[in-house]
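One structure is given below, encoded as structure tokens.
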Amino acid sequence: MQLSPFHLAIPVYDLAAARRFYGEVFGLEEGRSSDHWVDFNFFGHQLVIHLAPKNASQEAAHTNAVDGHDVPVPHFGVVLGMEEWENLAARLKALGTHFVIEPGIRFQGLVGEQATMFLFDPCGNALEFKAFKNIDQLFAK
Numbered sequence: 001m002q003l004s005p006f007h008l009a010i011p012v013y014d015l016a017a018a019r020r021f022y023g024e025v026f027g028l029e030e031g032r033s034s035d036h037w038v039d040f041n042f043f044g045h046q047l048v049i050h051l052a053p054k055n056a057s058q059e060a061a062h063t064n065a066v067d068g069h070d071v072p073v074p075h076f077g078v079v080l081g082m083e084e085w086e087n088l089a090a091r092l093k094a095l096g097t098h099f100v101i102e103p104g105i106r107f108q109g110l111v112g113e114q115a116t117m118f119l120f121d122p123c124g125n126a127l128e129f130k131a132f133k134n135i136d137q138l139f140a141k
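Residue numbers (UniProt numbering): 1 to 141.
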């Protein structure tokens, strides 16, 4: 199955800090930009950070319980291959990243077993990065 790239535009109240975070922490390639927005190549997808006032979800994230953790909602991210996920987790740890949910395995030994980690960008947007033990179980029940 060939995936089409998604486009996601998110609000940031500090464009410079968010630009550094996505560009330097994640090493994302920057595309077009203006004084109010910046495009990034987000693992083959188009992520656009837009300057906007702080919103309620950036002030205090709502959470839902999932496998013993409080998962922030809303959140976004990508499903990576296991080796790419492990490399990203190591990079983020080496940079001293604060995780909302530390890199680890969720649903261990069950259908949908996955590696996952959660963090916030400097403007309070929650991100999740995950990798499945078996990618064929991405949507398995």
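All C-beta atoms in this analysis are idealised placements derived from N, C-alpha and C, irrespective of residue type, glycine included.
State the DSSP-derived secondary structure class of residue i, mapped to helix, strand or coil.
i     : result
PHE6  : coil
ASN64 : strand
Which same chain residues, not among the five before or five after residue i, have their C-beta less than 7 Å away from its C-beta?
i      : result
GLY31  : ASP39, PHE40, ASN41
ALA18  : VAL12, ILE49, ASP121, PRO122, CYS123
ASN64  : VAL71, VAL73
ARG106 : ASP67, GLN114, THR116
ASP14  : PRO122, CYS123
Quick one: residues in its chain with C-beta nearer than 6 Å to the C-beta of residue i, no 5 flanking neighbours on either side, listed in chain order?
i     : result
ALA9  : VAL48, HIS50
TYR22 : LEU28, PHE40
ALA16 : none
HIS62 : VAL73
PHE43 : VAL78
Would you mind giving the Cβ-Cβ distance between residue i and residue j, rounded to the nearest angstrom? I have them listed as a contact below 8 Å.
i      : j      : result
TRP85  : LYS130 : 7 Å
PRO5   : GLN46  : 6 Å
THR97  : LEU119 : 6 Å
GLY112 : ALA140 : 6 Å
Given residue i, which residues of its chain have a CB within under 8 Å of its CB, disregarding the five upstream and five downstream residues?
i     : result
LEU95 : VAL25
Q: Answer yes if the stretch 99–112 comes into contact with the stretch 67–77, meaning at least three C-beta pairs across the two stretches below 8 Å, and no otherwise.
A: yes
Q. Would you call the stretch 74–86 and the stretch 113–129 in contact, with 3 or more CB pairs under 8 Å?
A. yes
Q: With a floor of 3 residues, list each beta strand (DSSP E) that falls wholly inside the UniProt domain "VOC" (4–132), ordered by position along the chain.
A: 7–12, 29–33, 37–42, 45–51, 62–66, 69–73, 75–79, 99–106, 114–120, 126–132
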